[in-house]
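Undergrad:
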Amino acid sequence: MAVKTAELYVEKPVQDLYILNITPQVKKHIKTSRIRNGIATVFIGCSTASITTMNHNEENVKSMKAALEHLAPSDYDYEHHKTCGDIYGVGGDNNGKSHIRSSILGPSVTVPLRNGKLLLDKGQDIVFMDFDIIRRKRKVIVQIVGE
Amino acid sequence: MAVKTAELYVEKPVQDLYILNITPQVKKHIKTSRIRNGIATVFIGCSTASITTMNHNEENVKSMKAALEHLAPSDYDYEHHKTCGDIYGVGGDNNGKSHIRSSILGPSVTVPLRNGKLLLDKGQDIVFMDFDIIRRKRKVIVQIVGE
Amino acid sequence: MAVKTAELYVEKPVQDLYILNITPQVKKHIKTSRIRNGIATVFIGCSTASITTMNHNEENVKSMKAALEHLAPSDYDYEHHKTCGDIYGVGGDNNGKSHIRSSILGPSVTVPLRNGKLLLDKGQDIVFMDFDIIRRKRKVIVQIVGE
Numbered sequence: 007m008a009v010k011t012a013e014l015y016v017e018k019p020v021q022d023l024y025i026l027n028i029t030p031q032v033k034k035h036i037k038t039s040r041i042r043n044g045i046a047t048v049f050i051g052c053s054t055a056s057i058t059t060m061n062h063n064e065e066n067v068k069s070m071k072a073a074l075e076h077l078a079p080s081d082y083d084y085e086h087h088k089t090c091g092d093i094y095g096v097g098g099d100n101n102g103k104s105h106i107r108s109s110i111l112g113p114s115v116t117v118p119l120r121n122g123k124l125l126l127d128k129g130q131d132i133v134f135m136d137f138d139i140i141r142r143k144r145k146v147i148v149q150i151v152g153e
Numbered sequence: 007m008a009v010k011t012a013e014l015y016v017e018k019p020v021q022d023l024y025i026l027n028i029t030p031q032v033k034k035h036i037k038t039s040r041i042r043n044g045i046a047t048v049f050i051g052c053s054t055a056s057i058t059t060m061n062h063n064e065e066n067v068k069s070m071k072a073a074l075e076h077l078a079p080s081d082y083d084y085e086h087h088k089t090c091g092d093i094y095g096v097g098g099d100n101n102g103k104s105h106i107r108s109s110i111l112g113p114s115v116t117v118p119l120r121n122g123k124l125l126l127d128k129g130q131d132i133v134f135m136d137f138d139i140i141r142r143k144r145k146v147i148v149q150i151v152g153e
Numbered sequence: 007m008a009v010k011t012a013e014l015y016v017e018k019p020v021q022d023l024y025i026l027n028i029t030p031q032v033k034k035h036i037k038t039s040r041i042r043n044g045i046a047t048v049f050i051g052c053s054t055a056s057i058t059t060m061n062h063n064e065e066n067v068k069s070m071k072a073a074l075e076h077l078a079p080s081d082y083d084y085e086h087h088k089t090c091g092d093i094y095g096v097g098g099d100n101n102g103k104s105h106i107r108s109s110i111l112g113p114s115v116t117v118p119l120r121n122g123k124l125l126l127d128k129g130q131d132i133v134f135m136d137f138d139i140i141r142r143k144r145k146v147i148v149q150i151v152g153e
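Residue numbers (my numbering), protein chains in the order written: chain A, 7 to 153; chain B, 7 to 153; chain C, 7 to 153.
1) DSSP puts A/S38 in a beta bridge; with which residues?
2) Can you pull the chain B neighbours of A/A73, defined as C-beta to C-beta under 7 Å?
3) For A/N27, report the span of its beta strand (DSSP E) as first-last.
4) Should A/A73 and B/I139 be called a contact, given that it needs their Cβ atoms to be closer than 7 Å?
5) Cβ atoms of B/T59 and C/P118: under 7 Å apart, would you say?
6) Is C/V96 buried or exposed, if buried means 16 or more other CB atoms sit within 10 Å of its CB?
7) Please check if any C-beta of chain C sits within less than 7 Å of the C-beta of A/E85.
8) Any idea if A/V148 is buried or exposed, counting beta-carbon neighbours within 10 angstroms, 16 or more meaning buried?
9) Have a look at A/G102, A/G44, A/T11, A/M70 and flag the residue whose alpha-carbon is nearest the alpha-carbon of B/A12.
10) Select from C/N63, C/S108, C/T116, C/V115 the residue whose C-alpha is nearest the C-alpha of C/C52.
11) Closest to B/T54 by C-alpha separation, out of B/I28, B/E64, B/H86, B/R40, would be which residue?
12) Among B/I41, B/D83, B/K68, B/V146, which has the Cα closest to the Cα of B/N100?
13) At a Cβ threshold of 7 Å, is B/G44 touching chain A?
14) Which residue spans inside the segment 62 to 144 of chain A form an unbroken alpha helix (DSSP H) run of at least 4?
15) So, does the CB of B/F49 fall closer than 7 Å to a CB anywhere in chain A?
16) To be precise: take each residue of the segment 131 to 151 of chain B, compare its Cβ to all Cβ atoms of chain A, and keep it if any distance is under 8 Å. Which residues remain?
17) Who are the near neighbours of B/T29 in its chain, counting only those whose CB is closer than 6 Å to its CB and skipping five residues on each side?
18) With 16 as the cutoff for other CB atoms within 10 Å, does C/V151 come out buried or exposed?
19) Name the chain B residues whose beta carbon is nearer than 7 Å to that of A/S69?
20) Find out if the Cβ-Cβ distance for the pair C/K71, C/L23 is shorter than 7 Å.
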């Protein structure tokens with residue numbers, strides 16, 4: 007049994023919702039770890055982004071954008087906006103919706119690994135969702151516990 | 007320490023939301039694994055279903071149906087419907103809502119195991135939720151990492 | 007490799023949504039476990055509460071309260087209310103919303119541990135959310151699998 011913890015870096019290039027398929031990078035780390043059976047945890051250490059799974063394609067990303075707008079709307083007057091203000095001068099802390107979306111979708115996903123392969127369906131991708139409203143660089147953790 | 011990975015099969019008999027209590031099957035796999043302390047991951051490899059916990063009874067299933075309709079409505083004009091079309095001739099890809107619900111609720115749940123028992127409350131069940139709109143057969147993964 | 011499972015107790019003092027930052031207690035258990043690398047699972051064994059992460063401060067708690075009211079409103083006529091009734095004489099089972107919120111946010115969060123530290127961001131806290139509508143005492147499980 008071993009524990010292998012690696013990092014991968016993602017960059018949010020847009021000032022809006024960003025959904026990235028990170029399955030290829032996660033798979034690369036799993037190959038490097040040489041662990042063949044166990045649990046893979048993909049985790050984002052921040053409070054305005056999430057990790058989940060989806061069938062990542064252009065249409066589903068558009069549908070998800072509308073769904074997240076319904077879940078935690080951009081134009082709601084979040085308490086967060088009143089006290090945190092615009093500390094970066096770029097609208098950085100008018101991101102009340104980003105905090106809500108992150109807590110509801112959660113910071114991590116766990117995927118079983120068997121015989122060196124993640125047990126994802128072929129139409130199922132591990133995605134990084136960044137809900138913040140400014141450009142960000144993020145560090146995603148991939149940890150494998152197994153043998 | 008050991009890793010045990012098993013499969014269980016579930017069938018969605020209805021052309022609508024299906025919520026099944028899979029706790030008995032999960033417990034059976036745990037008993038077979040002979041692992042007594044560790045982490046149990048229950049995972050569904052698909053992008054239109056989820057695994058979570060709930061107090062599974064008729065009333066809560068009805069409430070959940072209404073809540074999911076509120077979260078990602080059936081009658082919304084998802085982008086997904088425009089390009090994917092009805093490829094199966096059975097309404098199979100008019101399932102934009104199914105993809106959204108699956109990403110928000112997530113594909114897996116992790117439950118600690120101690121002295122051979124899942125640390126679930128007596129009114130807390132592990133449930134498989136299938137959001138798709140056609141009949142499906144699904145494979146659920148139960149993985150235990152422990153000793 | 008080892009498995010360490012500990013309990014921490016939380017008390018919901020209010021008859022309404024309660025969100026508590028439990029990061030300090032989780033960190034204490036991790037220190038006691040002497041495990042330095044592995045996966046930490048924080049799990050709540052009940053069907054009307056959840057564990058997730060958030061930047062825990064007064065404003066975000068207020069925003070979350072509004073968001074959860076939008077996700078599963080208090081004033082909806084849940085099926086659960088019709089059959090379960092008010093068994094405690096304190097409105098105890100008029101908690102249809104609590105069950106819904108718990109299933110959507112989920113019972114657990116998994117956080118990677120490296121060199122003895124949880125890989126949380128400094129503005130990211132592990133939170134216990136109790137959605138029930140009566141005062142409750144709850145047991146939260148902290149399990150660490152690693153070396």
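We put the CB at the ideal spot given by N, CA and C, even for glycine.
TA: The structure says:
1) Here residue 38 of chain A is taken as the residue at index 32 of the first sequence, counted from 1. One point to set straight first is that residue 38 of chain A is Thr, not Ser, in the sequence displayed. BP columns for A/T38 are empty, so no partner.
2) As a working note, residue 73 of chain A is residue 67 in the first sequence. Correct list: A78, I106.
3) Taking the first sequence and counting its residues from 1, one reaches residue 27 of chain A at position 21. Where A/N27 is concerned, the enclosing beta strand (DSSP E) stretches over 24 to 27.
4) Looking up residue 73 of chain A in the first sequence gives position 67. Looking up residue 139 of chain B in the second sequence gives position 133. Contact: no.
5) Within the third sequence, the letter at position 112 stands for residue 118 of chain C. Within the second sequence, the letter at position 53 stands for residue 59 of chain B. No, these two residues do not count as a Cβ contact at 7 Å.
6) Locating residue 96 of chain C in the third sequence gives position 90, counting from the first residue. Low confidence applies here, because C/V96 scores a pLDDT of 46, under 50, leaving its location unreliable; read the following figure in that light. Classification of C/V96: exposed, given that the 10 Å Cβ count is below 16.
7) Numbered from 1 along the first sequence, position 79 holds the residue referred to as residue 85 of chain A. Yes, its Cβ sits closer than 7 Å to a Cβ of chain C.
8) Numbered from its first residue, the first sequence carries residue 148 of chain A at position 142. So A/V148 ends up on the buried side.
9) By one-based count along the second sequence, residue 12 of chain B stands at place 6. For B/A12, the nearest C-alpha among the options comes from A/G44.
10) Locating residue 52 of chain C in the third sequence gives position 46, where the first residue counts as 1. Nearest of C/N63, C/S108, C/T116, C/V115 to C/C52, Cα basis: C/S108.
11) Looking up residue 54 of chain B in the second sequence gives position 48. Of B/I28, B/E64, B/H86, B/R40, the residue nearest in Cα terms is B/H86.
12) Your numbering for residue 100 of chain B matches position 94 in the second sequence. Here the closest residue by C-alpha is B/D83.
13) Residue mapping note: residue 44 of chain B aligns to position 38 of the second sequence, counting from 1. Cβ-Cβ to chain A under 7 Å: no for B/G44.
14) 64 to 77, 85 to 90, 102 to 111
15) Your numbering for residue 49 of chain B matches position 43 in the second sequence. Closer than 7 Å to some Cβ of chain A, the Cβ of B/F49 qualifies, so yes.
16) I147, Q149, V151
17) The residue you call residue 29 of chain B lines up with position 23 of the second sequence. If we look at B/T29 and ignore the five residues flanking it on each side, its Cβ neighbours are D131, I132.
18) Within the third sequence, residue 151 of chain C is the residue found at index 145, counting from 1. Buried, since its Cβ has 16 or more Cβ neighbours within 10 Å.
19) By 1-based counting over the first sequence, the position of residue 69 of chain A is 63. Those are Y84, E85, H86, G102, H105, I106, listed as they occur along chain B.
20) Taking the first residue of the third sequence as 1, we reach residue 71 of chain C at position 65. Taking the first residue of the third sequence as 1, we reach residue 23 of chain C at position 17. Yes, these two residues count as a Cβ contact at 7 Å.
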